[in-house]
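The numbering used here puts the first sequence at residues 4 to 429. Glycine included, every Cβ here is placed at the ideal spot set by N, Cα and C. Keep in mind the model is a prediction, meaning the values are calculated, not measured. First comes the structure, then the notes that go with it.
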Amino acid sequence: MSGFPEWLPEIRLVELQWLDHIRKTFESYGFCSIETPSVEELDVLLAKGETDKEIYVLNRLQATEDDAKEARLGLHFDQTVPLARYTAQHFNDLVFPFKRYQMQRVWRGERPQLGRCREFYQCDIDIINPDSLPLSFDAELPAVIFDAMSGLDIGRIKMKISNRKILIGLLDAMGVTDVIGTTRNVDKLDKIGESAVADILTKEIGLTTAQITPILELAMVKSASSKGLSLTPKNAQMEEGISELGFVLDNLSHLPEGSVVGDLSIVRGLDYYTGTVYETNLMDIPEFTSSVCSGGRYDDLAGTFINRHLPGVGISIGFTRLFDVLHHYGRIKGDKKSPADVMVVLPNDDQRAAAAQTARILRGRGMKVEMYHAPQKIGKQISYAEKKGIPFVWFPPFDAAGSHEVKNLASGEQQTVHPESWVVPS
RNA sequence: GCGAUUGUAGCUCAGUGGUAGAGCACUCGGUUGUGGUCCGGGCUGUCGUGGGUUCGAUCCCCAUCAGUCGCCCCA
4 MSGFPEWLPE
14 IRLVELQWLD
24 HIRKTFESYG
34 FCSIETPSVE
44 ELDVLLAKGE
54 TDKEIYVLNR
64 LQATEDDAKE
74 ARLGLHFDQT
84 VPLARYTAQH
94 FNDLVFPFKR
104 YQMQRVWRGE
114 RPQLGRCREF
124 YQCDIDIINP
134 DSLPLSFDAE
144 LPAVIFDAMS
154 GLDIGRIKMK
164 ISNRKILIGL
174 LDAMGVTDVI
184 GTTRNVDKLD
194 KIGESAVADI
204 LTKEIGLTTA
214 QITPILELAM
224 VKSASSKGLS
234 LTPKNAQMEE
244 GISELGFVLD
254 NLSHLPEGSV
264 VGDLSIVRGL
274 DYYTGTVYET
284 NLMDIPEFTS
294 SVCSGGRYDD
304 LAGTFINRHL
314 PGVGISIGFT
324 RLFDVLHHYG
334 RIKGDKKSPA
344 DVMVVLPNDD
354 QRAAAAQTAR
364 ILRGRGMKVE
374 MYHAPQKIGK
384 QISYAEKKGI
394 PFVWFPPFDA
404 AGSHEVKNLA
414 SGEQQTVHPE
424 SWVVPS
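Spelled out as structure tokens, the structure:
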């Protein structure tokens, strides 16, 4: 089923390693884990009026008329809306600022393409706090993401950061009414170029050249620090945005050059973002231009669920997109079809108990060990280990006088060893 | 949702108006307790589905389903 990915064991093994790495990185910054149901009530999913999201609705095959009285359920399409509901619902039991990570599948009923699935994992981190949320969190998120993603062997990444107050402030000052349409097209600047964007803004949005020129000028600004944001604010909102973006960038100066850049063409579709916004590109796969990790700050996400003002900031690794794309470009090796370190040979049926005991000893010492299932030809047993990518083959004694031996399949070298003392060479 | 394109063995693909091939994979063998290379044998298909044209279609036509790519939007 297209858009619902599944992997062979050797690829899944890598996927698990990636997920483990990301989880450990999130926890290293003190984010705690939550998991919410795959479904939410449709009212919750649609609370923000996001009717353009393609939501899968849940129905029982044997539905009766009574079911119509129950709340209708839909599969969640992101983890931000469920987080809002969760935070509101457990408000009294949570410690704020609430820093949580969440790694679950989400569903969107869109047409699948490379890096675009209908069922996919997102790895989200968000921080939510009542009333106001320190700006320092906006700077912490890219640092966490950099740690998480730079450990994945995906090549160089570039996180592009902006602040929506800057462009929206400008549009406001100039009296542009179609803010959504304008920002959406400015967002395409990197992809289709300056003149194409100007063309669309003229023909579709109806802006004048006098309006387009300053918009594009602003959108072209790129800088890694506050120093490069030499803009003259047209109003208070714009000034605030420039100051916030400068603060965030300056707090990320410890990251390698080129990994983070302020890029005022980034605005994201409208959604709920109100300040800082993030996008991330894979620099070593230039053919793939979409963002693999995006997010931003929202003023008040949970307001529809609780009578409190709950601002937050969050970012999400599009895990399946990332993995799918890297896999497509042959960057995921997958040379092991098994997690096992060692395969224990079964010499003959008389030695089955002894071989099993040997396997238990090795497992007890922390190794991953598979025992061959039948006393077949030794060549066949070794070939099985080789095909599964199990690096070591263990020969228990073939008779009372024999000894333990282990063979390194990569080198072909075989030596006499003892199950109580042998360790997997690193 | 819109536009384009494809659909032949497990995989990648040839091919012809007269009911199909290659490579890889898989399997067996090259003797007795040792893989990868090499050599030899073997296995596999309603030629996406339904209808039409035709003496006859996998090849032509129509429909349908599915995949892929682009747009929209996004992770």
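CA-to-CA distance, residue j to residue i, given in whole angstroms
i: V409; j: F398; result: 6 Å
i: K371; j: R363; result: 10 Å
i: L45; j: L173; result: 36 Å
i: V316; j: K168; result: 15 Å
i: F322; j: V42; result: 20 Å
i: S424; j: G369; result: 12 Å
i: T211; j: D175; result: 15 Å
i: K191; j: V200; result: 7 Å
i: F149; j: L258; result: 8 Å
i: S233; j: Q125; result: 36 Å
i: I203; j: N188; result: 7 Å
i: P1; j: R111; result: In the structure as shown, the chain starts at 4 and stops at 429, and residue 1 therefore has no counterpart that could be examined.
i: F401; j: G337; result: 33 Å
i: I2; j: R159; result: The chain is shown only over 4 to 429; residue 2 falls outside these bounds and no answer can be derived.
i: Y275; j: F308; result: 15 Å
i: S293; j: I37; result: 28 Å
i: M4; j: T28; result: 32 Å
i: A142; j: A343; result: 41 Å
i: Q105; j: L11; result: 25 Å
i: V270; j: E57; result: 22 Å
i: V47; j: F123; result: 20 Å
i: H330; j: K340; result: 16 Å
i: G333; j: I288; result: 11 Å
i: P115; j: P428; result: 43 Å
i: H24; j: P378; result: 39 Å
Cβ neighbour criterion (16 or more within 10 Å) applied to residue i
i: M162; result: buried
i: S139; result: exposed
i: S256; result: exposed
i: K102; result: buried
i: P350; result: buried
i: V426; result: exposed
i: K414; result: In the sequence under discussion, the amino acid at residue 414 is Ser, which differs from the Lys named in the question. So S414 ends up on the exposed side.
i: A388; result: buried
i: V60; result: exposed
i: R15; result: exposed
i: D266; result: buried
i: E30; result: exposed
i: H93; result: exposed
i: C35; result: exposed
i: G77; result: buried
i: V98; result: exposed
i: T279; result: buried
i: S386; result: exposed
i: I183; result: exposed
N- and C-terminal bounds of the beta strand (DSSP E) containing residue i
i: D266; result: 263 to 266
i: I215; result: Note, I215: premise wrong, no beta strand (DSSP E); alpha helix (DSSP H) at 212 to 222.
i: W110; result: 101 to 110
i: T39; result: Neither: T39 is in no beta strand (DSSP E) and is coded neither H nor E.
i: S31; result: Looking at the DSSP string, S31 is not in any beta strand (DSSP E); the run it does join, the alpha helix (DSSP H), is 12 to 31.
i: L86; result: Taken as a continuous stretch (DSSP letters only), L86 belongs to no beta strand (DSSP E), being part of the alpha helix (DSSP H) at 83 to 92.
i: T277; result: 276 to 285
i: S228; result: Unbroken run through S228: none, as it is neither H nor E.
i: S297; result: 296 to 301
i: L78; result: 76 to 78
Backbone secondary structure at residue i - three-state DSSP
i: L204; result: helix
i: N238; result: coil
i: S198; result: helix
i: F291; result: coil
i: F123; result: strand
i: T186; result: helix
i: S165; result: strand
i: I157; result: coil
i: G138; result: The residue you asked about is not Gly; residue 138 is Leu in the sequence shown. DSSP places L138 in coil when its eight states are reduced to three.
i: G306; result: helix
i: G209; result: coil
i: D181; result: coil
i: I131; result: strand
i: L61; result: strand
Start-to-end residues for the alpha helix (DSSP H) that takes in residue i
i: N310; result: From DSSP, N310 is part of no alpha helix (DSSP H); its letter is neither H nor E.
i: L45; result: 45 to 48
Where in the segment 382 to 421 do unbroken runs of the beta strand (DSSP E), each at least 3 residues long, occur, reported from the N-terminal end onward? The beta strand (DSSP E) runs lying completely inside the segment 382 to 421 and spanning 3 residues or more are 395 to 398, 408 to 411, 417 to 419, given in chain order.
Scan the segment 316 to 381 and note each continuous beta strand (DSSP E) run of 3 residues or more that stays entirely inside, going in chain order. 345 to 347, 372 to 374
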